[in-house]
Each structure stands twice: as C-alpha cells, then as structure tokens.
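*Asks:* Residue numbers (this note's numbering): 2 to 174.
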C-alpha cells in the first residue's frame, strides 16, 4: 500500500462518521406548560433525552393538573427543573419534582392561550404579529421554546407567544 493510500485511509478512519447521531442543538428557555400525557402511569422524566426514567409525573386527582417549567429544548426533548401538581380538590399546589430532567415533546402541551394573546411570527416582541389578539379557546399545539417564548401551532399558523394558558380549570381571560 502506498503512503498516500495509508494517509487517506487513516484520515477517513479518524474523521467523525457522518451517519453518527449528533446531539440536537440546545435552546435555553423559560416557559411553563402542562403535562398532557394521558398514560395512567404518568409522564416519564428522564435523566437525559431517551435515558433512564428518574420520576413519573402522575396526577392522583380528577380535578388537578401538572405544570412543568421548561428550561431548554433539545430536538423533541424538553429539559425541566420542576413540576408542580395543582390540586383543585385541596386548593393547593405541590412541587412533585425538583431537579434536572427531560420530558418528551409528546407528553407536554397547553390548555390554550390567554384571551387576547399576541402571537408573533418569530421569538421576539419586535417581530411582525401573526395574530395581535388571539382567541384563548382554541386548540394549541406546543412545538418548542426559546427564551420566554413558546412556539405553537394554532388556527392561523405557527407562531411564538409568551401568553400560554396552563390553567386547566379556566380559560385564562
């Protein structure tokens, strides 16, 4: 084998594989959303995206809901630092998870928007508005987060807002 072929083979073997999975980019955020998982065993909090389960977030009440604080997004995973059970029956809130964990995008959501919410085209209040006065009682799908903004899909399209409704009892008027 010639020296050129040996050097080329060595370079190819030393280069990172294109097929190797790269960690998704991490975007920091500061958003509260609901656990929307219908699994009776609760939503899993994991040590890392797709990693071992460190906590199950289960709602033991029929009239309560769980709110999680998102601190970052990595692909389809959200990093959280706490979860709070809102118990309407007892009239109180209880922290049921504190620490660093990850939940999948499929287990979180929002009850809607605050009535009159402003929906922007980008994650900045200076960006054009998609909807300057959104109806709070509409289906909203959580897509992501960035800073204090949540990326959502709604009737008028995909946009960004800071006015989510995480109260499962009222419409956040």
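Glycine included, every Cβ here is placed at the ideal spot set by N, Cα and C.
#1: Do residue 162 and residue 151 have their beta-carbon atoms positioned less than 8 Å apart in this structure?
#2: Decide yes or no for the touch test of the stretch 119-138 against the stretch 99-108: beta carbon pairs closer than 8 Å, at least 3 of them.
#3: Could you tell me the boundaries of the beta strand (DSSP E) in which residue 162 lies?
#4: List the whole-angstrom C-beta distance separating residue 135 from residue 159, where the pair is believed to meet the contact cut-off of C-beta under 8 Å.
#5: My parser needs the beta strand (DSSP E) runs of 3 or more residues fully inside the stretch 83-156; what are they?
#6: Can you tell me which of 77, 164 and 32 puts its alpha carbon nearest to the alpha carbon of residue 83?
#7: Residue 12: buried (16+ other C-beta within 10 angstroms of its C-beta) or exposed?
#8: Look at the Cβ atom of residue 85, then the Cβ atom of residue 36, and state whether they are nearer than 8 Å.
#9: Out of 77, 117 and 91, which one is the CA nearest neighbour of residue 109?
#10: In chain order, what residues of the same chain have a beta carbon less than 6 Å from the beta carbon of residue 145, not counting five sequence neighbours either side?
#11: Over what stretch of residues does the beta strand (DSSP E) that includes residue 56 continue unbroken?
#12: Per DSSP, what kind of secondary structure is residue 12 in: helix, strand or coil?
*Replies:* Checking against the coordinates, here is how it stands:
#1: Your numbering for residue 151 matches position 150 in the chain shown. Your numbering for residue 162 matches position 161 in the chain shown. A Cβ-Cβ contact shorter than 8 Å links residue 151 with residue 162.
#2: no
#3: Position 161 of the chain shown, counted from the start, is the residue given in the question as residue 162. Start and end: 158-162.
#4: To locate residue 135, count along the chain shown from 1; it is residue 134. To locate residue 159, count along the chain shown from 1; it is residue 158. That pair is no contact at about 13 Å.
#5: For the stretch 83-156, whole beta strand (DSSP E) runs of length 3 or above, ordered along the chain, are 93-105, 118-121, 130-135, 142-147 and 150-155.
#6: Here residue 83 corresponds to residue number 82 of the chain shown, with the count starting at 1. Among 77, 164 and 32, the Cα nearest to that of residue 83 belongs to 32.
#7: On the chain shown, position 11 is the one that residue 12 refers to. For residue 12, the predicted model reports a pLDDT of 46, less than 50, meaning its position is unreliable; a value from the coordinates is still stated below. Residue 12 is exposed by the Cβ-count criterion.
#8: On the chain shown, position 84 is the one that residue 85 refers to. On the chain shown, position 35 is the one that residue 36 refers to. No, these two residues do not count as a Cβ contact at 8 Å.
#9: On the chain shown, residue 109 is found 108 positions in, with the first residue counted as 1. Closest by alpha carbon: 77.
#10: Counting from 1 along the chain shown, the entry for residue 145 is found at position 144. Excluding residues up to 5 positions away in sequence, 74 and 152 lie with their Cβ nearer than 6 Å to the Cβ of residue 145 in the same chain.
#11: Here the question's residue 56 lines up with position 55 in the chain shown. It spans 54-58 - the beta strand (DSSP E) in which residue 56 sits, taken as one unbroken run.
#12: Position 11 of the chain shown, counting from 1, holds the residue named residue 12. Per-residue confidence for residue 12 stands at a pLDDT of 46, beneath the threshold of 50, marking its modelled position as unreliable; the derived number appears in the next sentence. Residue 12: helix per DSSP, three-state reduction.
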